[in-house]
Amino acid sequence: MWEYYDKKTVFLTGGTGFLGTAVLLRLLSDAKCKRIYLLLRGGQSRGRQKWGESLPTATVGWLLQHHRLTVLNGDISEPDFALTHDQLNLLRDEVNIMIHAASSINLTQTLPKACKQIVQPSEAVARFGLQCYNLSRFVYVSTAYANSHLHMLSSEEDVTVEERIYPLSNEASRPVSEEYKELQALGTTSEYAVNDFPWAYGYAKHLSERLIMAMFTEAERYDQLLIVRPSIIGPAEYFPFTGYNVLTSSPITVVAAALANVPAVELQFASTMHDPANHATIDEVPVDVVVDRLLVHLAHGTTGCVHAVSGKVGRISMKELYDAIVALRKLPWAPRVAWLYESWHYEGQHWISKLFKVFGTSFSFSEHRTVALRDSSPKEALQGFVLFKTADAGPYELYSRHRDVQECAFVISRRMNVLLRVFSWIVWSC
Ligand SMILES: NC(=O)c1ccc[n+]([C@@H]2O[C@H](COP(=O)([O-])OP(=O)(O)OC[C@H]3O[C@@H](n4cnc5c(N)ncnc54)[C@H](OP(=O)(O)O)[C@@H]3O)[C@@H](O)[C@H]2O)c1
Ligand SMILES: *[C@@H]1O[C@H](CO)[C@@H](O)[C@H](O)[C@H]1NC(C)=O
Ligand SMILES: *[C@@H]1O[C@H](CO)[C@@H](O)[C@H](O)[C@H]1NC(C)=O
Numbered sequence: 000m001w002e003y004y005d006k007k008t009v010f011l012t013g014g015t016g017f018l019g020t021a022v023l024l025r026l027l028s029d030a031k032c033k034r035i036y037l038l039l040r041g042g043q044s045r046g047r048q049k050w051g052e053s054l055p056t057a058t059v060g061w062l063l064q065h066h067r068l069t070v071l072n073g074d075i076s077e078p079d080f081a082l083t084h085d086q087l088n089l090l091r092d093e094v095n096i097m098i099h100a101a102s103s104i105n106l107t108q109t110l111p112k113a114c115k116q117i118v119q120p121s122e123a124v125a126r127f128g129l130q131c132y133n134l135s136r137f138v139y140v141s142t143a144y145a146n147s148h149l150h151m152l153s154s155e156e157d158v159t160v161e162e163r164i165y166p167l168s169n170e171a172s173r174p175v176s177e178e179y180k181e182l183q184a185l186g187t188t189s190e191y192a193v194n195d196f197p198w199a200y201g202y203a204k205h206l207s208e209r210l211i212m213a214m215f216t217e218a219e220r221y222d223q224l225l226i227v228r229p230s231i232i233g234p235a236e237y238f239p240f241t242g243y244n245v246l247t248s249s250p251i252t253v254v255a256a257a258l259a260n261v262p263a264v265e266l267q268f269a270s271t272m273h274d275p276a277n278h279a280t281i282d283e284v285p286v287d288v289v290v291d292r293l294l295v296h297l298a299h300g301t302t303g304c305v306h307a308v309s310g311k312v313g314r315i316s317m318k319e320l321y322d323a324i325v326a327l328r329k330l331p332w333a334p335r336v337a338w339l340y341e342s343w344h345y346e347g348q349h350w351i352s353k354l355f356k357v358f359g360t361s362f363s364f365s366e367h368r369t370v371a372l373r374d375s376s377p378k379e380a381l382q383g384f385v386l387f388k389t390a391d392a393g394p395y396e397l398y399s400r401h402r403d404v405q406e407c408a409f410v411i412s413r414r415m416n417v418l419l420r421v422f423s424w425i426v427w428s429c
């Protein structure tokens, strides 16, 4: 597989993020790309700062002076990405592979914000990709939870999501470009009003997928497009090192930090499932599995959507997650979980459940395409790639990242009031 990358020029966005940093390190360590252009707002100094938060100092130094890496100081939400004409022309000429992994992942942003931070930049990056004469592959990193609205539409409680685009239900089906125009003009759309998404973020990623798909299809370059949908990204199993994590980009780490030492006797979560205590599930996938699925499907020439998930076998129940959280607890009692039969937007539930919304749901994200690729490839071709979460890792636990959870709890409490800050410092430090 790695030969595919020989002498290729790569353009990467999001290279300071949880996923993008790992993609960058994997390419620089194992592929023989000619050059990697990294679009980074704030340039080298931003890179030094962001990488310094999750990587060893030596690795940051190695990245910053790497002869195959060129950092471009730019911003995908600005016209021309705030690059010079010379830089743009150079990229148009040289780039063979584009990996668009930059995105806001803020779950509370409003739809107009998500339009500016997610849809519009993604449309611009794809449009630029189509202008690159020598482009052979374009990867858009979406999210498996872009289809979380199916929870409300499905008659099943455990919702199967296939690796394809689900058109949104609305009164008047129309070209996606019209929907995008309405969003830009009015700040919302009839599709958004009719389909119950947990967050504007989810809808924005769904719309971006459809926009990019339409652009590549219209240009008759559908075969160049790959959409990778990670579930909830979690710490690395192996690469770049065991436990590699970006605290605030790892949702389960944030959830654990918010709940482990909560001074309550009861936690209220909302769900419309009949027995969420036993049937709600969460799909967390190690970041290195996402990286390897992305790079293997890219090289293999896979088109359309691919899930990067733990799937039906690797996902965990909410109960397992909660038990793992309680195991980190320092206070002498564990709060009882009360499931309320309410919608995921229910105001009265605990704030972290209200933010996360999908506690009381269950999705079975198909991973047929990766299974098929594994089964049809010679063993040697996939040697060294981690395409599936290690199955025999034992019961789900969070102890191995307890330091991350603790640090994340401090970050969260800093945003709360002084009393909570003091409380959290005392409890976690004892
Ligand atoms: N984290 C998850 O659990 C998860 C789950 C499913 C899918 N995803 C998707 O995976 C992708 C990567 O997410 P992540 O977890 O790596 O997120 P992250 O850690 O928050 O990183 C986001 C990256 O995007 C960059 N970015 C955002 N806006 C930008 C702009 N206007 N111009 C240039 N760069 C910009 C950020 O740059 P700065 O350093 O300058 O902020 C950062 O490098 C995203 O598409 C996300 O939607 C994530
Ligand atoms: C890119 O494509 C153009 C036009 O097809 C060609 O002239 C040029 O040599 C190519 N550049 C590279 C670096 O391959
Ligand atoms: C997310 O967006 C909301 C609403 O725009 C904002 O108040 C909040 O500060 C953002 N959170 C982060 C972590 O950027």
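One point on numbering: in numbering that gives the first Met the number 0, the residue at position 417 of the sequence shown is 416, and numbering is uninterrupted.
Ideal placement from N, C-alpha and C gives every residue a C-beta, glycine not left out.
Only a predicted model underlies this, so the values are computations on that prediction, with no experimental measurement involved.
Query raised in the report: What residue does the alpha helix (DSSP H) around E181 start on, and which one ends it?
Result: Your numbering for residue 181 matches position 182 in the sequence shown. It spans 175–185 - the alpha helix (DSSP H) in which E181 sits, taken as one unbroken run.
Query - Contact belief for Y243 with P234 at Cβ below 8 Å, rounded distance in angstroms - result: Along the sequence shown, read from residue 1 onward, the residue named residue 243 stands at position 244. Along the sequence shown, read from residue 1 onward, the residue named residue 234 stands at position 235. Confirmed, about 6 Å.
**Report entry** Extent of the continuous alpha helix (DSSP H) to which A269 belongs
**Finding:** To locate residue 269, count along the sequence shown from 1; it is residue 270. Taken as a continuous stretch (DSSP letters only), A269 belongs to no alpha helix (DSSP H), being part of the beta strand (DSSP E) at 265–270.
Query - Extent of the continuous beta strand (DSSP E) run through D439 - result: This structure leaves residue 439 out entirely; the chain is present only between 0 and 429.
Query raised in the report: In three-state terms, what does DSSP make of I164?
Result: Here residue 164 refers to the residue found at position 165 of the sequence shown. In the structure shown, I164 sits in coil (DSSP, three-state: anything other than H, G, I, E or B).
Query raised in the report: What residues come near ligand 3, if near means a beta carbon less than 5 Å from any of its heavy atoms?
Result: Qualifying residues come out as N105, T107, Q108.
Query - Euclidean distance between Cα positions of T302 and S270 - result: Mapped onto the sequence shown, residue 302 falls at position 303. Mapped onto the sequence shown, residue 270 falls at position 271. Each residue's Cα considered, the two are about 35 Å apart.
Requested in this report: Ignore the nearest five residues each way along the sequence and tell me which others in I75's own chain have a CB closer than 7 Å to its CB.
Outcome: Here residue 75 corresponds to residue number 76 of the sequence shown, with the count starting at 1. Taken in chain order, the residues that qualify are T12, L38, A101, P120, A123, V124.
Query raised in the report: Roughly how many whole angstroms lie between the Cα atoms of S376 and P166?
Result: Taking the first residue of the sequence shown as position 1, residue 376 is located at position 377. Taking the first residue of the sequence shown as position 1, residue 166 is located at position 167. Distance between the alpha carbons of S376 and P166: 32 Å.
Query raised in the report: How is N72 classed by DSSP in three states: helix, strand or coil?
Result: Indexing the sequence shown from 1 puts residue 72 at position 73. Here N72 sits in strand by DSSP.
Query raised in the report: Buried or exposed: where does E283 fall if 16 or more other Cβ atoms within 10 Å of its Cβ makes it buried?
Result: As a first step, residue 283 must be located in the sequence shown, where it is residue number 284. Result: buried.
**Report entry** Which listed residue (P262, Y139, G300) has its alpha carbon closest to that of I425
**Finding:** Against the sequence shown, residue 425 aligns to sequence position 426. Selected option, being the one with the closest Cα: P262.
**Report entry** Cβ neighbour criterion (16 or more within 10 Å) applied to P275
**Finding:** Working through the sequence shown from its first residue, we reach residue 275 at position 276. Looking at its Cβ environment, which holds 16 or more other Cβ atoms inside 10 Å, P275 is buried.
Query - Distance, S363 Cα to A255 Cα - result: Reading the sequence shown from its first residue, position 256 is the one you call residue 255. Reading the sequence shown from its first residue, position 364 is the one you call residue 363. Whole-angstrom Cα-Cα distance: 23 Å.
Requested in this report: Count the other C-beta atoms from every protein chain shown that fall within 10 angstroms of the C-beta of M0, then say buried if there are 16 or more, exposed otherwise.
Outcome: Along the sequence shown, read from residue 1 onward, the residue named residue 0 stands at position 1. By the neighbour-count definition (other C-beta atoms within 10 Å, threshold 16), M0 is a buried residue.
Query - Check: L18 C-beta below 8 Å from any heavy atom of ligand 1 - result: Translated into positions along the sequence shown, residue 18 becomes position 19. The answer is yes for L18.
**Report entry** Candidates V175, G186, E236, of which the one nearest E208 by Cα
**Finding:** Taking the first residue of the sequence shown as position 1, residue 208 is located at position 209. The residue with the shortest Cα to Cα distance from E208 is V175.
Query raised in the report: Can we count A392 as close to ligand 1, meaning its CB is less than 8 Å from some heavy atom?
Result: Looking up residue 392 in the sequence shown gives position 393. No, Cβ of A392 sits at least 8 Å from all heavy atoms of ligand 1.
Query raised in the report: Under the rule that 16 or more other beta-carbon atoms within 10 Å means buried, what is L152, buried or exposed?
Result: Sequence index remark: in the sequence shown, residue 152 carries index 153 (1-based). Flag for L152 reads exposed.
Query raised in the report: Which word fits D85, buried or exposed, when buried means at least 16 other C-beta atoms lie within 10 angstroms of its C-beta?
Result: Here residue 85 corresponds to residue number 86 of the sequence shown, with the count starting at 1. Per the 10 Å Cβ criterion, exposed.
Report task. With a 10 Å radius around its C-beta and 16 neighbouring C-beta atoms as the bar for buried, classify D5 as buried or exposed. Result -> Taking the sequence shown and counting its residues from 1, one reaches residue 5 at position 6. D5 should be labelled exposed.
Query raised in the report: Comparing the CB of I231 with every heavy atom of ligand 1, is any distance shorter than 8 Å?
Result: Counted from its first residue, the sequence shown places residue 231 at position 232. At a threshold of 8 Å, I231 counts as near ligand 1, since its beta carbon sits closer than that to one of the ligand's heavy atoms.
Requested in this report: Could you check which residue in L149, K353, I96, I164 has the C-alpha nearest to that of L134?
Outcome: On the sequence shown, position 135 is the one that residue 134 refers to. Nearest of L149, K353, I96, I164 to L134, Cα basis: I96.
Query raised in the report: Which class does L294 belong to by DSSP, given the choice of helix, strand or coil?
Result: Here residue 294 refers to the residue found at position 295 of the sequence shown. Three-state DSSP puts L294 in a helix.
Query raised in the report: Does DSSP classify R328 as helix, strand or coil?
Result: Residue 328 sits at position 329 when you count from the first residue of the sequence shown. Correct three-state label for R328: coil.
Query - Nearest neighbour of D432, chosen from H401, A371, T389, S365 [CA to CA] - result: Coverage of the chain is limited to positions 0 through 429, which leaves residue 432 absent and any answer about it impossible.
Query raised in the report: If you measure from the CB of G14, is any heavy atom of ligand 1 nearer than 8 Å?
Result: The count along the sequence shown starts at 1 and reaches residue 14 at position 15. At least one heavy atom of ligand 1 is nearer than 8 Å to the Cβ of G14, so yes.
Query raised in the report: By how many angstroms is the C-alpha of H344 removed from the C-alpha of G383?
Result: Taking the sequence shown and counting its residues from 1, the one referred to as residue 383 is at position 384. Taking the sequence shown and counting its residues from 1, the one referred to as residue 344 is at position 345. Rounded to the nearest angstrom, the gap between the Cα atoms of G383 and H344 is 43 Å.
Query raised in the report: Would F268 pass as a contact of A192 if the rule is Cβ separation under 9 Å?
Result: For the purposes of this step, residue 268 is taken as residue 269 along the sequence shown, with counting starting at 1. For the purposes of this step, residue 192 is taken as residue 193 along the sequence shown, with counting starting at 1. No, these two residues do not count as a Cβ contact at 9 Å.
Query raised in the report: Going by C-alpha distance, which of N105, N72, D92 is nearest T83?
Result: Stepping through the sequence shown from its first residue, residue 83 is reached at position 84. Closest option to T83, judged by alpha-carbon separation, among N105, N72, D92: N72.
Query raised in the report: Going straight from the alpha carbon of V289 to that of E406, what length do you get?
Result: Residue mapping note: residue 289 aligns to position 290 of the sequence shown, counting from 1. Residue mapping note: residue 406 aligns to position 407 of the sequence shown, counting from 1. Between V289 and E406, the C-alpha separation is close to 24 Å.
Query raised in the report: What is the DSSP secondary structure of G233, counted as helix, strand or coil?
Result: Within the sequence shown, the letter at position 234 stands for residue 233. Reduced to three states, the DSSP call for G233 is strand.
**Report entry** Beta-carbon spacing of L210, V118 below 9 Å
**Finding:** Taking the sequence shown and counting its residues from 1, one reaches residue 210 at position 211. Taking the sequence shown and counting its residues from 1, one reaches residue 118 at position 119. Cβ distance < 9 Å, so L210 and V118 count as in contact.
Query raised in the report: Cβ-heavy atom distance between D74 and ligand 1 below 8 Å?
Result: One-based indexing of the sequence shown puts residue 74 at position 75. At least one heavy atom of ligand 1 is found less than 8 Å from the C-beta of D74.
Query - Enclosing beta strand (DSSP E) for Y191 [first to last residue] - result: Start at 1 with the first residue of the sequence shown, and residue 191 comes out as number 192. Counting along the chain, Y191 sits inside no beta strand (DSSP E); it lies in the alpha helix (DSSP H) bounded by residues 189–193.
Query raised in the report: By a C-beta neighbour count over all protein chains shown, 10 Å radius and 16 as the cutoff for buried, is N88 buried or exposed?
Result: Numbered from 1 along the sequence shown, position 89 holds the residue referred to as residue 88. Exposed: under 16 other Cβ atoms inside 10 Å.
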